[in-house]
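Reviewing the structure listed below.
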Amino acid sequence: MANENTDLRCYLTHLGIAAENNAIALGRKLGVIEMVFGSGVLPDASDPRDQESMIQEVQAFPCAMVTYEDDSTLLTFKADIPADVGGFNINEVGIRLEDGTIYGYARGTGDYKPTLEQGATESIRYVVDMYTKNVSTLVTKVDLSNVYADYEDLEAAKKKAQDDLLAHTESPNPHSQYPLSSKAQGLEYDPNRTYYCGDTCYTRVADRTYQWEAYSLEPFSGKDPNDPLNRRAGWTDVTKPFYWKPRYSKVSGETMAWDNDAIPENMVLGIGQQLPVAVYHSLATAKPEWIDETDNALINIPDRRGRFVRAADGTKWLAGKTHEDQNKAHSHQSSSRGQLITRAGGGDGNIWDGLSSTATTSEGGQEAQPKGYIEWVGYAL
Numbered sequence: 008m009a010n011e012n013t014d015l016r017c018y019l020t021h022l023g024i025a026a027e028n029n030a031i032a033l034g035r036k037l038g039v040i041e042m043v044f045g046s047g048v049l050p051d052a053s054d055p056r057d058q059e060s061m062i063q064e065v066q067a068f069p070c071a072m073v074t075y076e077d078d079s080t081l082l083t084f085k086a087d088i089p090a091d092v093g094g095f096n097i098n099e100v101g102i103r104l105e106d107g108t109i110y111g112y113a114r115g116t117g118d119y120k121p122t123l124e125q126g127a128t129e130s131i132r133y134v135v136d137m138y139t140k141n142v143s144t145l146v147t148k149v150d151l152s153n154v155y156a157d158y159e160d161l162e163a164a165k166k167k168a169q170d171d172l173l174a175h176t177e178s179p180n181p182h183s184q185y186p187l188s189s190k191a192q193g194l195e196y197d198p199n200r201t202y203y204c205g206d207t208c209y210t211r212v213a214d215r216t217y218q219w220e221a222y223s224l225e226p227f228s229g230k231d232p233n234d235p236l237n238r239r240a241g242w243t244d245v246t247k248p249f250y251w252k253p254r255y256s257k258v259s260g261e262t263m264a265w266d267n268d269a270i271p272e273n274m275v276l277g278i279g280q281q282l283p284v285a286v287y288h289s290l291a292t293a294k295p296e297w298i299d300e301t302d303n304a305l306i307n308i309p310d311r312r313g314r315f316v317r318a319a320d321g322t323k324w325l326a327g328k329t330h331e332d333q334n335k336a337h338s339h340q341s342s343s344r345g346q347l348i349t350r351a352g353g354g355d356g357n358i359w360d361g362l363s364s365t366a367t368t369s370e371g372g373q374e375a376q377p378k379g380y381i382e383w384v385g386y387a388l
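The sequence shown begins at 8 in our numbering and counts up one residue at a time.
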């Protein structure tokens, strides 16, 4: 039986230290499988660290292991002695690894564990604390069906679950693997969300879905894209851009053509007008050459009316250039009358000898009017 002078602390044995070092060297884990109880008495003069086995082992039970965030060297082992097991004194307690090594050893208090016949009515829990600098090398390998949680364990588990849930709900981004709704694109319009230039959303009106793209250079919220006053259609402010534009696959500044007067909202007609850079910023960015040389707050939209399109070749025909003459000099062959043959004696009956080809080198003249299809031409926002 232990007294006030008995050292009841659990010590890491020399064999346990050797097992730790070997596991570290091999990059392995040490598997703890059970807590061992014995009736042998270790003399007070003996060092528990020297123990290589139990003096007199009587029972062994699966144990649980607890580690601590606030003390990385502390280990707590817990094991239950069932009510129907007894008839011995607990004079020694050991922690056994899966290879049979006694990892930790402590003297017991000498308490007697009664049997059912002697009046035992409940299991007894043993808790052993010990210290090591290599906590991370240990794992428990037990049949958890034989390990039971006590009230203390349940309360600790409940508190941890509550703390984890609170941390989860208060975290600004608890699921970093998923995009936040405040950043994800193409979601339904949210009046409470802050939108930035280029953000996209959709609205649904009368079973029809409309796609929108934020056009304002300043972040905004509460501007419903279904309201024409928030779009180009109803915009009157010349000092800043409208909030929304319809979402299209067109690139800003891309040439567009439309064959009726129902001009798309994202199309700026090419009719030679001047527009404020502050409003039509995407065109000013895409086409900086359109910015007025004398007033850089304005952009000059090219006049595309009445003009045909010629494909550029990068050398003679350059993109963005114009032809101002109706007819250009070319090598097209045309027919003309040949030599006049005059009948002898004059009078009627003179004839021409036929038709021949000639080349024209002149420019200008009346407008050539090949068959064409008339469309509005403009540029995408």
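Even for Gly, the Cβ is constructed at its ideal location relative to N, Cα and C.
Please read all numbers here as calculations on a predicted model, not as lab measurements.
Environment of ARG311 [buried if 16+ CB atoms lie within 10 Å]: Within the sequence shown, numbered from 1, the residue matching residue 311 stands at position 304. With 16 or more other Cβ atoms inside 10 Å of its own Cβ, ARG311 counts as buried.
query: When the Cα of THR122 is compared with those of ASN96, TYR110 and ALA113, which residue comes out closest?
result: As a first step, residue 122 is located in the sequence shown; it is residue number 115 there, counting from the start. It is ASN96 whose Cα lies nearest to the Cα of THR122.
- request: Can you say whether GLY45 is buried or exposed, counting buried as having 16 or more other CB atoms within 10 angstroms of its CB?
  value: Residue numbering aside, residue 45 sits at position 38 when the sequence shown is read from its first letter. Only buried fits GLY45, as 16 or more other CB atoms lie within 10 angstroms of its CB.
field: C-beta contact flag for GLN58 and THR20 at 9 angstroms
entry: Walking along the sequence shown from the start, residue 58 turns up at place 51. Walking along the sequence shown from the start, residue 20 turns up at place 13. Cβ atoms of GLN58 and THR20: closer than 9 angstroms.
- prompt: Where does ASP136 fall in DSSP's three states?
  reply: Here residue 136 is taken as the residue at index 129 of the sequence shown, counted from 1. Three-state result, ASP136: strand.
query: Do the region 89-106 and the region 132-142 make contact, defined as three or more Cβ pairs closer than 8 angstroms?
result: With the cut-off at 8 angstroms, the region 89-106 and the region 132-142 touch.
Of the residues GLY107, LEU236, GLU41 and PHE84, the one placed nearest LEU22, counting alpha carbons only: Residue numbering aside, residue 22 sits at position 15 when the sequence shown is read from its first letter. Of GLY107, LEU236, GLU41 and PHE84, the residue nearest in Cα terms is GLY107.
query: Which residues bound the alpha helix (DSSP H) around LEU33?
result: As a working mapping, residue 33 is identified with position 26 in the sequence shown. First-last of the alpha helix (DSSP H) with LEU33: 21-33.
task: Return the CA-CA distance between ILE308 and ILE278, expressed in angstroms with no decimal places.
output: Taking the first residue of the sequence shown as position 1, residue 308 is located at position 301. Taking the first residue of the sequence shown as position 1, residue 278 is located at position 271. When rounded, the separation of the alpha-carbon atoms in ILE308 and ILE278 is 7 angstroms.
- request: Measure the C-alpha to C-alpha separation of ALA168 and GLU162 and round it to an integer number of angstroms.
  value: By 1-based counting over the sequence shown, the position of residue 168 is 161. By 1-based counting over the sequence shown, the position of residue 162 is 155. So the alpha carbons of these two residues sit roughly 10 angstroms apart.
- request: Using a threshold of 9 angstroms, state whether the C-beta atoms of ALA264 and GLU382 are closer than that.
  value: As a first step, residue 264 is located in the sequence shown; it is residue number 257 there, counting from the start. As a first step, residue 382 is located in the sequence shown; it is residue number 375 there, counting from the start. Cβ atoms of ALA264 and GLU382: closer than 9 angstroms.
- request: Have a look at ALA213, GLU195, SER130 and LYS247 and flag the residue whose alpha-carbon is nearest the alpha-carbon of ALA304.
  value: Taking the first residue of the sequence shown as 1, we reach residue 304 at position 297. Out of ALA213, GLU195, SER130 and LYS247, LYS247 has the C-alpha closest to the C-alpha of ALA304.
query: Which residue from CYS204, THR144 and ALA293 puts its Cα closest to that of LYS252?
result: In the sequence shown, residue 252 corresponds to position 245, counting from 1. Distances from the CA of LYS252 to each of CYS204, THR144 and ALA293 were compared; the closest alpha carbon is that of CYS204.
query: Going by C-alpha distance, which of LEU15, GLN184 and VAL142 is nearest ASP77?
result: Position 70 of the sequence shown, counted from the start, is the residue given in the question as residue 77. For the residues LEU15, GLN184 and VAL142, the minimum Cα distance to ASP77 belongs to VAL142.
query: Would you report the Cα separation of THR116 and ASP14, rounded to the nearest angstrom?
result: Stepping through the sequence shown from its first residue, residue 116 is reached at position 109. Stepping through the sequence shown from its first residue, residue 14 is reached at position 7. C-alpha separation (whole angstroms): 10 angstroms.
query: Could you give the C-beta distance for GLN192 and ASP170, rounded to a whole number, given that I count them as a contact under 8 angstroms?
result: By 1-based counting over the sequence shown, the position of residue 192 is 185. By 1-based counting over the sequence shown, the position of residue 170 is 163. Not a contact, Cβ separation roughly 34 angstroms.
message: Using the three-state DSSP reduction, which class does GLU220 fall into: helix, strand or coil?
response: The residue given as residue 220 occupies position 213 in the sequence shown. It is a strand residue.
- prompt: Smallest Cα separation from TYR110: which of VAL48, CYS17 and GLN66?
  reply: Taking the sequence shown and counting its residues from 1, the one referred to as residue 110 is at position 103. That would be CYS17, whose Cα lies nearest to the Cα of TYR110.
SER175 burial status per 10 Å Cβ neighbour count (16 or more: buried): Counting from one through the sequence shown, the residue named residue 175 turns up at place 168. Ser is not the amino acid found at residue 175; the sequence shown has His there. For HIS175, the number of other beta carbons within 10 angstroms of its own is below 16, and it is reported as exposed.
task: Report buried or exposed for GLY385, applying the criterion of at least 16 other Cβ atoms within 10 angstroms of its Cβ.
output: Within the sequence shown, the letter at position 378 stands for residue 385. GLY385 is classed as buried because its beta carbon has at least 16 other beta carbons within 10 Å across all chains shown.
message: For the alpha helix (DSSP H) containing LEU403, name the first residue and the last one.
response: No statement about residue 403 is possible, as the shown extent of the chain runs from 8 to 388 and does not include it.
query: If you count every other CB in all the chains shown that lies within 10 Å of the CB of TRP297, and 16 or more means buried, which is it?
result: Your numbering for residue 297 matches position 290 in the sequence shown. TRP297 should be labelled buried.
message: According to DSSP, is TRP324 part of a helix, a strand, or is it coil?
response: Here residue 324 is taken as the residue at index 317 of the sequence shown, counted from 1. Judged by DSSP in its simplified three-state form, TRP324 adopts coil rather than helix or strand.
Segment limits, beta strand (DSSP E) that includes TYR158: By 1-based counting over the sequence shown, the position of residue 158 is 151. Counted as a single uninterrupted DSSP element, the stretch harbouring TYR158 is not any beta strand (DSSP E) but the alpha helix (DSSP H) occupying residues 158-177.
query: Run through DSSP, which three-state label would LEU290 get?
result: Against the sequence shown, residue 290 aligns to sequence position 283. LEU290 falls in the helix class under three-state DSSP.
query: Where does the unbroken beta strand (DSSP E) through ALA4 begin, and where does it stop?
result: Residue 4 lies beyond the range of the chain shown here (8 to 388); nothing can be said about it.
- prompt: Helix, strand or coil for PRO283 per DSSP?
  reply: The count along the sequence shown starts at 1 and reaches residue 283 at position 276. PRO283: strand per DSSP, three-state reduction.
task: Give the single residue among VAL73, HIS330 and VAL92 whose Cα lies nearest to the Cα of GLN125.
output: Counting from one through the sequence shown, the residue named residue 125 turns up at place 118. With distances taken between Cα atoms, GLN125 lies closest to VAL92.
task: Measure the Cβ-Cβ separation of THR144 and ALA30 and say whether it is below 9 angstroms.
output: Within the sequence shown, residue 144 is the residue found at index 137, counting from 1. Within the sequence shown, residue 30 is the residue found at index 23, counting from 1. Result yes, Cβ atoms of THR144 and ALA30 sit closer than 9 angstroms.
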